[in-house]
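Chemist: According to this note's numbering, the sequence shown is numbered sequentially starting from 11.
Built from N, CA and C at the ideal position, the CB exists for glycine as well.
Since the structure is predicted, the reported quantities are computational estimates derived from the model, not experimental observations.
One structure, as structure tokens, below. Some questions next.
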Amino acid sequence: MSILTRPSSPPRTPTAPSGTRVAARPRARTDALLSKAVVNGLLIVAAFYTLMPVTWLVIAATKNDRDLFSTSGFSFGDFSLLANLHHVFTFNDGIYLRWFGNSILYSVVGSAASTLLCVATGYAFDKYEFKGKEKLFGAVLGGVLVPTTVIQLPMYLLATEAGVVNTYWALLLPALVNPFGVYLARVFSEGYVPNEVLEAARVDGAGELRTFAGIALPMLAPGFMTIFLFSFTSSWNNFFGALVMLNDEKLYPVNLGLFMWNSVTQQQPEYYSLVITGSLVAVVPLIAAFVCLQRFWRSGLTAGAVK
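Here it is in structure tokens:
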């Protein structure tokens with residue numbers, strides 16, 4: 011009687027799927043490196059595009075009038091930055107310093123008042139219930155859709171009736187209205203100020219004003235600084251509003267003053283160095299504001315994005 015034996019199965023060879031998975035790892039790594047290279051390349055191009063005008067401005071501000079027209083844009087000439095700064099600050103009895111001070115007044119004072127008003131309004135929309143709240147908030151958001159240039163003529167007519175044309179109030183009062191700041195303030199209030207903390211303060215006997223000033227406002231510091239930076243940048247770059255509202259050069263902000271200098275460069279080329287050096291000085295406050303307040307800026311944008 012013979013015993014039948016099953017033939018032993020041959021050793022299993024690696025299948026195609028497993029081989030495919032092994033080969034996919036280097037390919038995935040290559041794709042990731044390629045993606046990073048593309049992204050970094052685009053960032054480098056964007057940074058170059060952004061920094062090139064600023065680089066030209068810095069180089070041009072170091073040149074005298076002769077080198078400004080006889081050398082290429084990105085080549086250095088005789089270092090005359092200190093002489094150019096002295097010329098700008100002393101020209102026409104130091105009118106540039108007055109323009110610079112006006113811009114500080116319009117931007118810092120106007121932005122601080124506008125930000126405080128926006129934060130209080132956004133806090134009220136978030137924490138209080140009243141009739142027609144959402145409709146009123148919708149009307150505020152509608153103001154975001156209206157371009158500033160469209161309302162400049164009605165604002166000028168209102169300022170004329172109020173008698174504030176060609177005064178500091180002509181730019182300070184319109185700066186108080188910031189619909190987008192109200193929207194951001196409501197978002198920050200929802201994310202930063204818990205209702206339980208406010209209820210505890212009310213139980214302890216704190217009034218509504220004290221609750222807002224002593225508890226809610228410190229919690230809203232990142233949002234406050236974010237809205238302030240938006241408002242500061244907008245006020246510092248407010249050219250058209252100043253052009254419409256102001257006639258006295260002693261009230262000009264720095265951007266309008268530089269525009270007036272630039273308008274006569276065709277007839278008087280020596281104004282070119284004044285405009286270039288003055289423009290370099292004019293961007294310093296914006297850079298300083300973002301550098302000093304960037305931690306509030308980052309935390310505020312993160313909170314708003316998560317919300």
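Any chance you could list the alpha helix (DSSP H) runs of at least 4 consecutive residues sitting entirely within the region 44-89, in chain order?
Modeler: Here the runs fully enclosed are 75-80.
Chemist: By how many angstroms is the C-alpha of Ala122 removed from the C-alpha of Phe238?
Modeler: If I take the Cα positions, the gap works out to 6 Å.
Chemist: To which residues of the same chain is Ala91 closer than 8 Å at the C-beta, ignoring the five residues directly before and after it?
Modeler: It is Leu, not Ala, that sits at residue 91 in the sequence shown. Around Leu91: Ala71, Thr72, Thr287.
Chemist: Starting from Lys137, trace the alpha helix (DSSP H) both ways and give me its first and last residue.
Modeler: Run containing Lys137: 120-137, per the alpha helix (DSSP H) assignment.
Chemist: Are Pro184 and Gly132 touching if we call contact CB-CB under 8 Å?
Modeler: It is not a contact, given that the beta carbons lie outside the stated cut-off.
Chemist: May I ask which residues mark the beginning and end of the alpha helix (DSSP H) holding Glu200?
Modeler: 189-202 is the span of the alpha helix (DSSP H), which, as asked, contains Glu200.
Chemist: So, with DSSP's three-state summary, where would you put Glu280?
Modeler: The answer is coil: DSSP assigns Glu280 none of H, G, I, E or B.
Chemist: In or out: Gly152 buried (at least 16 other Cβ within 10 Å) or exposed?
Modeler: So Gly152 ends up on the exposed side.
Chemist: Below 8 Å on the Cβ atoms is my guess for Asn94 versus Ser283; work out the distance and round it to an integer in Å.
Modeler: Asn94 to Ser283, Cβ: 6 Å. Contact.
Chemist: Just to confirm, are Val264 and Trp109 a CB contact at a threshold of 8 Å?
Modeler: Closer than 8 Å, so yes.
Chemist: Could you check which residue in Met62, Gly111, Pro279 has the C-alpha nearest to that of Phe79?
Modeler: The shortest C-alpha separation from Phe79 is found at Pro279.
Chemist: Taking Cβ positions, are Asn112 and Asn176 nearer each other than 8 Å?
Modeler: Cβ distance not < 8 Å, so Asn112 and Asn176 don't count as in contact.
Chemist: Give a yes or no on whether the C-beta atoms belonging to Tyr116 and Leu182 are separated by under 8 Å.
Modeler: In this structure, Leu182 lies closer than 8 Å to Tyr116 by Cβ.
Chemist: Using CA atoms only, rank isn't needed, just tell me which of Leu186, Gly224, Asn188 is closest to Val203.
Modeler: The residue with the shortest Cα to Cα distance from Val203 is Gly224.
Chemist: With a threshold of 6 Å on Cβ separation, who are the neighbours of Phe190 within its own chain once the five nearest residues in sequence on each side are excluded?
Modeler: Closer than 6 Å at Cβ, skipping near neighbours: Val154.
Chemist: Specify, as a first and last residue, the run of the alpha helix (DSSP H) that Ser117 falls within.
Modeler: Segment: none, Ser117 is in no alpha helix (DSSP H) and carries neither H nor E.
Chemist: If you drop the 5 nearest sequence neighbours on each side, which residues of the same chain put their C-beta closer than 6 Å to that of Thr23?
Modeler: Annotation note: pLDDT 47 at Thr23 (below 50); position unreliable, coordinate value reported separately. Excluding sequence neighbours, Thr23 sits near nothing in its chain.
Chemist: Who are the Cβ neighbours of Ile105 in its own chain at under 8 Å, not counting the five residues just before and after it?
Modeler: Around Ile105: Glu259, Lys260, Gly267.
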